[in-house]
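Heads up, the thing below is written out as structure tokens.
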Ligand code: SAJ
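Residue numbers (this note's numbering): -1 to 455.
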């Protein structure tokens, strides 16, 4: 095995050639929806990538060239190719991977716990393991999303204590938060500028050169890691707050008999209006947690943001609103949720991906079940699998004999529902559109008692 050189001793201008000549070894700690594409794309750019994960199954499937993210275009093929080429290897031995690497990337989950407090357990454990085997002259990059200051105040001390080395002097420490859209990770990695912040200028230049060369993207150099984290969080909170804004005015417009989608589309003709849409709620690991990283830093700093907390509350209330619409529409046809057969179309937290993390559909499923509704599920991404403890049916299996259909995910398949056929298949004709895919007029002409979020009846 080649004796590891000290990356920090090289001029940043050497990074592209080191990478292309296969002279750079990179450990990627955490092979999830961000880590695995990162590992694949860096190995494709020439690095020898040691993917490290604590999960044996993940490691063995990657080493067999497998990729569970079938909904990530291009990724399964890239993983297969890179493993076959011997440029991507997976291991559970994180320490050994780090000890052989010039760069170690942390891409482990940073969820919030049930008290909405960021849970940095995985990040702390990864930092301790990396610190234990960190070589002088190597670099650590934190890609996991963390609150501003977490890299400097939590991760850096652990790395230094475990390694006995000093950040900025003996090893480099940078933050390069992930900004890709699940369902299009590889596409975004190759196009969305990368924000990087480091504890010292040399590391900043080295890591900037790495992402520029490996991903072919522009690099936005932030003055430090906490600024890089603040940029990443702010862009997501912007989205969560704007979705909450759309949800809030939609609840009002329903009462006023105004179609919120018509309003949004009208607003979108103004050059500085960025449309966001009302819906069944905000799911996924990103937007549901990112606000709390900032809030927890605010609690520490004595300035607790208000608007982003309210936005979370508004968005978290939307699944209940969909259930209210279901109850209202069933009443219109002389039924109640109790005793009705309800087909839930879509479980994924966002359109056209296979991921149910914190999905609003689960809240709807639970509430309808609690209310005595007999609920069946269809999702094209999960057909035949068990989700929420129940078997996901074909669309016919879910809707035949149903009294009500709820659209909870904006999958493309649901944009072309044949409402005439659907009406014939159902026992009663109630349609509640939680993602505003169906034209209300078409639904009413097909004989449905219709409700849409923000669209009323
Ligand atoms: N949603 C709405 N109304 C909208 C947009 C989204 O209700 O107008 C809902 C979606 O149905 C979903 C949730 O919000 O339940 C989140 O949707 P999202 O499109 O933001 O998807 P995420 O959560 O996967 O966000 C990720 C983020 N990427 C990272 O954090 C690395 C985010 O920064 C991206 O903007 C987003 O992907 C994307 O789609 O680009």
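Beta carbons are placed, not taken as given, at the ideal position from N, Cα and C, and that holds for glycine.
Neighbour-count burial assignment, residue i, 16 or more Cβ in a 10 Å radius
i: residue 22; result: buried
i: residue 322; result: exposed
i: residue 348; result: buried
i: residue 230; result: buried
i: residue -1; result: Annotation note: pLDDT 48 at residue -1 (below 50); position unreliable, coordinate value reported separately. So residue -1 ends up on the exposed side.
i: residue 392; result: exposed
i: residue 382; result: exposed
i: residue 11; result: exposed
i: residue 76; result: buried
i: residue 54; result: exposed
i: residue 113; result: exposed
i: residue 306; result: buried
i: residue 41; result: buried
i: residue 224; result: buried
i: residue 272; result: exposed
i: residue 236; result: exposed
i: residue 9; result: exposed
i: residue 419; result: exposed
i: residue 145; result: buried
i: residue 174; result: buried
i: residue 353; result: buried
Where the beta strand (DSSP E) through residue i begins and ends
i: residue 207; result: Unbroken run through residue 207 is the alpha helix (DSSP H), 199 to 213; no beta strand (DSSP E).
i: residue 447; result: 447 to 450
i: residue 88; result: 86 to 89
i: residue 192; result: 192 to 196
i: residue 414; result: Unbroken run through residue 414: none, as it is neither H nor E.
i: residue 403; result: 402 to 405
i: residue 140; result: 137 to 140
Under the three-state DSSP convention, the category residue i falls into
i: residue 435; result: coil
i: residue 338; result: coil
i: residue 48; result: strand
i: residue 13; result: helix
i: residue 427; result: coil
i: residue 254; result: helix
i: residue 274; result: coil
i: residue 27; result: strand
i: residue -1; result: Here residue -1 scores only 48 on pLDDT, less than 50, and its place in the model is too uncertain to base an answer on.
i: residue 343; result: strand
i: residue 219; result: strand
i: residue 392; result: coil
i: residue 181; result: coil
i: residue 369; result: coil
i: residue 319; result: helix
i: residue 97; result: helix
i: residue 171; result: strand
i: residue 500; result: What the structure shows of the chain is the stretch from -1 to 455, and residue 500 is not part of that stretch, so it cannot be assessed.
i: residue 165; result: strand
i: residue 116; result: strand
Terminal residues of the alpha helix (DSSP H) in which residue i lies
i: residue 265; result: 258 to 265
i: residue 309; result: 305 to 314
i: residue 130; result: 119 to 131
i: residue 508; result: This structure does not reach residue 508, given that the chain is present from -1 up to 455, and the question cannot be answered.
i: residue 34; result: 33 to 42
i: residue 57; result: 54 to 61
i: residue 157; result: 154 to 161
i: residue 73; result: 73 to 82
Test item: CB-CB of residue i and residue j under 9 angstroms
i: residue 188; j: residue 14; result: no
i: residue 433; j: residue 412; result: yes
i: residue 52; j: residue 92; result: yes
i: residue 355; j: residue 282; result: yes
i: residue 431; j: residue 451; result: yes
i: residue 32; j: residue 176; result: yes
i: residue 26; j: residue 50; result: yes
i: residue 244; j: residue 266; result: no
i: residue 252; j: residue 453; result: yes
i: residue 204; j: residue 48; result: no
i: residue 375; j: residue 388; result: yes
i: residue 309; j: residue 401; result: no
i: residue 140; j: residue 120; result: no
i: residue 198; j: residue 165; result: yes
Near the ligand GTP: residue i beta-carbon under 8 angstroms from a heavy atom
i: residue 276; result: For the ligand GTP, the structure offers nothing, since it holds only the ligand SAJ.
Nearest-angstrom beta carbon gap, residue j and residue i [assumed within contact, 8 angstroms]
i: residue 163; j: residue 122; result: In fact, because the Cβ distance is near 18 angstroms, the residues do not count as touching under 8 angstroms.
i: residue 117; j: residue 110; result: 6 angstroms
i: residue 385; j: residue 345; result: 5 angstroms
i: residue 196; j: residue 170; result: 6 angstroms
i: residue 180; j: residue 218; result: 21 angstroms between Cβ atoms; not a contact.
i: residue 339; j: residue 372; result: 5 angstroms
i: residue 103; j: residue 183; result: Contact flag wrong, Cβ pair sits at about 15 angstroms.
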